[in-house]
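What follows is a short report on a single structure.
Structure below.
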């Protein structure tokens, strides 16, 4: 099986975990009372955070097997001195916050809507949309971060971005691009893209123009290209330039980030922060990943 097929199967497995956790959260949201949004949502938060944490754990547990399978599919060595400590990626948001703190935000959104004059039903639906986005994003981010750590311990030089399913224009223009192993994965909320371990110069399985050419005009518009932008591309304009001209790009969480540990324990810096501080020094990255409990 080609590495790209391994990656697609890996992405589907991770997406299923995210969808399942989002369904648990959505059922809990139905118990929110429009007359007491904050109080009734707080009663659900522990169970919802537990479901999301469990999905994050399951997602991170797939990292080592996935990287090994992808490397073997390319005929590359697939051994590592350390294993990913999957539990280190569960129970915390990608930006270092605790899950309960993050998952309270939909209640704030709903409350703001009601206070701003929205009908309660509309405000609750806005909160539900945000909840779905947060849950699916955090499960995917936990898995992607674990994938990057697994790639580090396997000595991988870098990775190639692979789009999955009906990706947006922002992701498509990055398809097939190679990044060093320490580069943060650019994504947006609910992004489903994955990384494939790869050496610099390997033939990428996708290209922006190749993906664009397989799409219908309707699919291109759904991905984010207006009719005018499609015409510009047809007339020879650069696809990346057209896409980026008025849209914000994807984000990589920055700043010196810390996870929120239990009282009395020192905070851990996040994997993204470790790569920032280690730079291109893989040994230092390994040392910090081990120090902060991300590998064992």
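Numbering (this note's numbering), first residue to last: 1184 to 1479. Idealized CB from N, CA, C, for every residue including glycine. Please read these numbers as outputs of a predicted model, since none were measured by experiment.
Euclidean distance between Cα positions of residue i and residue j
| i | j | result |
| --- | --- | --- |
| residue 1325 | residue 1237 | 11 Å |
| residue 1438 | residue 1452 | The pLDDT assigned to residue 1438 is 45, lower than 50, so where the model puts this residue is not dependable, and the model offers no usable value. |
| residue 1201 | residue 1375 | 10 Å |
| residue 1370 | residue 1354 | 8 Å |
| residue 1307 | residue 1300 | 13 Å |
| residue 1362 | residue 1378 | 9 Å |
| residue 1223 | residue 1471 | 40 Å |
| residue 1463 | residue 1208 | 39 Å |
| residue 1220 | residue 1423 | 43 Å |
| residue 1443 | residue 1188 | In this prediction, residue 1443 has a pLDDT of 47, which is less than 50 and means its spatial position is unreliable; what the coordinates show is noted afterwards. Looking at the two C-alpha atoms, the distance is approximately 36 Å. |
| residue 1364 | residue 1204 | 29 Å |
| residue 1303 | residue 1280 | 28 Å |
| residue 1247 | residue 1309 | 37 Å |
| residue 1213 | residue 1298 | 20 Å |
| residue 1311 | residue 1416 | 37 Å |
| residue 1193 | residue 1380 | 13 Å |
| residue 1425 | residue 1473 | 43 Å |
| residue 1390 | residue 1270 | 35 Å |
| residue 1264 | residue 1333 | 10 Å |
| residue 1396 | residue 1383 | 25 Å |
| residue 1529 | residue 1316 | The displayed coordinates of the chain run from 1184 to 1479. Any statement about residue 1529 would go beyond what the structure contains. |
| residue 1467 | residue 1230 | 37 Å |
| residue 1427 | residue 1226 | 43 Å |
| residue 1190 | residue 1293 | 37 Å |
| residue 1469 | residue 1344 | 23 Å |
| residue 1259 | residue 1266 | 18 Å |
| residue 1418 | residue 1360 | 24 Å |
| residue 1210 | residue 1305 | 17 Å |
Proximity winner among the options, relative to residue i (alpha-carbon distances)
| i | options | result |
| --- | --- | --- |
| residue 1235 | 1320, 1380, 1362 and 1191 | 1320 |
| residue 1135 | 1280, 1386, 1306 and 1351 | In the structure displayed, the chain extends from 1184 to 1479; residue 1135 sits before or after that span and is not available. |
| residue 1373 | 1349, 1412, 1275 and 1394 | 1349 |
| residue 1337 | 1223, 1427, 1255 and 1459 | 1255 |
| residue 1196 | 1227, 1209 and 1244 | 1244 |
| residue 1252 | 1305, 1223, 1186 and 1213 | 1186 |
| residue 1295 | 1191, 1318 and 1217 | 1217 |
| residue 1393 | 1303, 1346, 1424 and 1382 | 1346 |
| residue 1313 | 1297, 1332 and 1288 | 1288 |
| residue 1182 | 1421, 1212 and 1388 | Not covered by the structure: residue 1182. The range shown for the chain is 1184 to 1479. |
| residue 1228 | 1248, 1285 and 1467 | 1285 |
| residue 1402 | 1416, 1352, 1421 and 1305 | 1352 |
| residue 1330 | 1367, 1461 and 1315 | 1367 |
| residue 1240 | 1193, 1272 and 1191 | 1272 |
| residue 1215 | 1380, 1291 and 1460 | 1291 |
| residue 1184 | 1383, 1426 and 1249 | 1249 |
| residue 1461 | 1335, 1400, 1266 and 1230 | 1335 |
| residue 1262 | 1339, 1382 and 1344 | 1339 |
| residue 1327 | 1469, 1468, 1315 and 1454 | 1454 |
Which of helix, strand or coil DSSP assigns to residue i
| i | result |
| --- | --- |
| residue 1407 | coil |
| residue 1470 | helix |
| residue 1275 | strand |
| residue 1267 | strand |
| residue 1299 | coil |
| residue 1281 | strand |
Close Cβ partners of residue i (< 8 Å) along its chain, the five nearest in sequence each way excluded
| i | result |
| --- | --- |
| residue 1445 | With a pLDDT of 41 at residue 1445, under the threshold of 50, the modelled position of this residue cannot be trusted, and the question is left open. |
| residue 1404 | 1410 and 1413 |
| residue 1282 | 1232, 1235, 1236, 1274, 1275, 1276 and 1321 |
| residue 1323 | 1197, 1198, 1201, 1242, 1370, 1373, 1374 and 1375 |
| residue 1406 | 1349, 1350, 1351, 1352, 1355 and 1398 |
Contact set for residue i: own chain, Cβ-Cβ below 7 Å, skip 5 residues either direction
| i | result |
| --- | --- |
| residue 1268 | 1476, 1477, 1478 and 1479 |
| residue 1448 | Reliability fails at residue 1448, whose pLDDT of 45 lies under 50, so the model's placement of it is uncertain and the value that follows must be treated cautiously. Answer for residue 1448: no residue qualifies. |
| residue 1465 | 1335 |
| residue 1458 | 1365, 1367 and 1468 |
Cut-off 6 Å between Cβ atoms - residues of its own chain near residue i, not counting five sequence neighbours on either side
| i | result |
| --- | --- |
| residue 1257 | 1186 |
| residue 1408 | 1352 |
| residue 1318 | 1204, 1205, 1208 and 1235 |
Residue i beta carbon near the ligand ADP (any heavy atom closer than 7 Å)
| i | result |
| --- | --- |
| residue 1478 | You won't find the ligand ADP in this model; it holds no ligand whatsoever. |
Counting only runs of 4+ residues fully inside the region 1301-1380, write out the alpha helix (DSSP H) ranges in chain order.
Counting whole runs of 4 or more residues, the region 1301-1380 contains the alpha helix (DSSP H) stretches 1303-1336 and 1352-1355.
Report the residue ranges of all alpha helix (DSSP H) runs contained in full by the region 1206-1264; include only those spanning at least 4 residues, in chain order.
Assignment of alpha helix (DSSP H) within the region 1206-1264, counting only whole runs of 4 or more residues, yields 1220-1244 and 1246-1256 in chain order.
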